[in-house]
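Protein chains: 2
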Amino acid sequence: MSGKRYGSIHNVLYYECEKTHRMTLSMLLNVLIQVSGEQSVKLGLSDEKMAELGYAWIVLQHSFSVKRMPRANETIHVETQATQYNKFFCYRNFYVKDDNGEELVNFTMVFAILDMEKRKMIRIPAEVVEPYGAPFEKGLLRVPRPVELNEEDAGSSTYNVRYFDIDANNHVNNSKYIEWMLDSLGADFLTEHELKSGNIKFEKELLYGQHVTSLASVSEKTDNIQTAHRIQTADCVHCTASFEWKGN
Amino acid sequence: MSGKRYGSIHNVLYYECEKTHRMTLSMLLNVLIQVSGEQSVKLGLSDEKMAELGYAWIVLQHSFSVKRMPRANETIHVETQATQYNKFFCYRNFYVKDDNGEELVNFTMVFAILDMEKRKMIRIPAEVVEPYGAPFEKGLLRVPRPVELNEEDAGSSTYNVRYFDIDANNHVNNSKYIEWMLDSLGADFLTEHELKSGNIKFEKELLYGQHVTSLASVSEKTDNIQTAHRIQTADCVHCTASFEWKGN
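First to last, the sequence lines map onto chains W and C.
With our numbering as the guide, the letters of the first sequence map in order to residues 1 to 248.
With our numbering as the guide, the letters of the second sequence map in order to residues 1001 to 1248.
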């Protein structure tokens, strides 16, 4: 048994795409979060309603698999569904399909609830999950973890948190971590490879004015290429990730 | 007499807004360019068709005035119309209205045609402007120029051109210059002030891997605040701009 399904249509615009005309991963993520936000509004749990209750959703992890990234000017169909929850975590799937119903991308995301005043994760209040119709399951759902960075072979780039990186939660938007992680692979790598799958785990929020280092290591497997990533500040790991790629 | 009008509707999404829930100037610009691109497709002059002919549109200047920036979850109506052209320049207006027909923002943009092979501006070919229906007018249209930067009082920030700053024309997208110019004003200024008008003049393209300096000076006038900006590399000015602001 799973929760209620919600679907929405999105036209992929030119500025959501990289120079190869493929939609960027960070823009695709923004669209998915927008669609789950639309479902929340429909169920009476808009971000404003959550803020009144003193809560905010935070994303802890993305695990995804790509058959083909959406392209500029394509219409995509995004479906989402809460699948289950436990004491601290909520799980939600997303399915992105093309106009013929072919699945292009699927995501599993792990969410938690932040108490806005204490800025701390809290036990999931029943009132904010029940409307989505997904069952309570005592155990944790097994979501694969990112592959470890190969520290010795890792390259690094540095980034400053900018004003436009900050979202309505007053911290760096998740999509920005992804831009820093991918940018550090360089233009040649990014134009010559396509994403096959990935796993991104958010560890700690980042605030305006912080300076981050984006570390990345690349390893060749028999049938694909794997990259591993870490976003860190002087004393803290803020995000880890790994991606699998195929050559163009 | 002016050219054919074309209109489109856009729902302002949360990730197109800054933390104040106002749409960002760079995202608004992306939407305007998208809408004029839709008109071009309708008239048989898509970017692909232009590329076949060996041409690309480039934006030389934006001059705009803001009554109120669009807000998250608002539906906006964007209308655009080519107004006139001369030997080298095409002029186009944009009108952004809310659901009640109130004008929120208007833009005048100056475009030119790039010969893709020579990467040089060329005399406007009649075949790529006639479908828009705007008249040829021999003289230049007077578009105000940005106010000069006050070099002595200017603050500066530096930025590296990243992979995701590059668009399908293989150079930095115009919207990125704007993010660099505004970011250099700092979060306090940006949350405490609202844009009233602006003028942005693009001088020279920027390529992947370049390092830019964003200079900004602030001056208080009797009824508003003015900022002046310059994006430069070691040996070249790439963009100048000025904005007028009011306090929140």
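Even for Gly, the Cβ is constructed at its ideal location relative to N, Cα and C.
- Straight-line spacing of the CA atoms in residue 121 (chain W) and residue 137 (chain W) works out to 19 Å.
- Taken through DSSP and simplified to helix, strand or coil, residue 143 (chain W) comes out as coil.
- DSSP, reduced to helix, strand and coil, places residue 1121 (chain C) within a strand of the structure shown.
- Going by beta carbons, residue 107 (chain W) and residue 86 (chain W) fall outside the 8 Å limit.
- Among the bridge pairs identified by DSSP, residue 62 (chain W) is matched with W:109 and W:200.
- Spanning the alpha carbons of residue 145 (chain W) and residue 34 (chain W) requires a straight line of approximately 25 Å.
- For the pair residue 1194 (chain C) and residue 1245 (chain C), the CB atoms are nearer than the 8 Å cut-off.
- Separation of the CB atoms of residue 1027 (chain C) and residue 1071 (chain C) is rounded to 12 Å, and the pair is thereby denied contact status at 8 Å.
- The C-beta distance from residue 1100 (chain C) to residue 1012 (chain C) rounds to 15 Å, too long to meet the 8 Å contact threshold.
- In the DSSP annotation of this structure, the continuous segment of the beta strand (DSSP E) that includes residue 76 (chain W) starts and ends at 75-85.
- For residue 1147 (chain C), the CB contacts under 7 Å within the same chain, skipping 5 residues up- and downstream, are 1226, 1228 and 1242 in chain order.
- In the assembly as shown, residue 216 (chain W) is a buried residue. Its beta-carbon has 16 or more other beta-carbons within 10 Å.
- Around the C-beta of residue 1176 (chain C), 16 or more other C-beta atoms lie within 10 Å, and the residue is accordingly described as buried.
- DSSP places residue 215 (chain W) inside the beta strand (DSSP E), whose first and last residues are 211-220.
- About 4 Å separates the CB atoms of residue 205 (chain W) and residue 171 (chain W); that is less than 8 Å, so the two are in contact.
- Contact between residue 64 (chain W) and residue 197 (chain W) holds, since their C-beta atoms are separated by about 6 Å, short of 8 Å.
- Rounded to whole angstroms, residue 1160 (chain C) and residue 1168 (chain C) show a C-alpha spacing of 19 Å.
- Under the three-state reduction of DSSP, residue 223 (chain W) is assigned to coil, being neither helix nor strand.
- For residue 7 (chain W), the enclosing beta strand (DSSP E) covers residues 5-11.
- At the C-beta level, residue 1141 (chain C) and residue 1091 (chain C) come within 8 Å of one another.
- Per DSSP, reduced to three states, the secondary structure at residue 102 (chain W) is coil, with no helix or strand assignment.
- When beta bridges are read from the DSSP output, residue 1114 (chain C) appears opposite C:1056 and C:1121.
- Looking only at C:1079, C:1214, C:1164 and C:1181, the smallest Cα-Cα distance to residue 190 (chain W) is reached by C:1164.
- The alpha-carbon separation between residue 1037 (chain C) and residue 1031 (chain C) amounts to approximately 10 Å.
- For residue 111 (chain W), there are no neighbours in chain C by C-beta distance under 8 Å, as the nearest C-beta there is about 16 Å away.
- Taking the Cα of residue 78 (chain W) as reference, the smallest distance to any Cα among W:68, W:57, W:62 and W:97 is reached at W:97.
- Chain-ordered, the chain W residues with CB closer than 7 Å to the CB of residue 1190 (chain C) read 163.
- C-alpha of residue 43 (chain W) to C-alpha of residue 124 (chain W): approximately 17 Å in a straight line.
- If you ignore the 5 residues before and after residue 1233 (chain C), its C-beta comes within less than 8 Å of the C-beta of 1206, 1210, 1211, 1212 and 1213, all in its own chain and listed in chain order.
- Classified as buried, residue 1016 (chain C) has 16 or more neighbouring CB atoms from the shown chains inside 10 Å of its CB.
- Close CB contacts of residue 1039 (chain C) within its chain, under the 7 Å cut and outside five residues either way in sequence, are with 1006 and 1080 (chain order).
- In the three-state reduction of the DSSP assignment, residue 93 (chain W) falls in the strand class, which pools E and B.
- With respect to residue 1200 (chain C), residue 1114 (chain C) sits apart: the two C-beta atoms are not nearer than 8 Å.
- Rounded to whole angstroms, residue 60 (chain W) and residue 239 (chain W) show a C-alpha spacing of 10 Å.
- Counting along the chain, residue 241 (chain W) sits inside the beta strand (DSSP E) bounded by residues 236-247.
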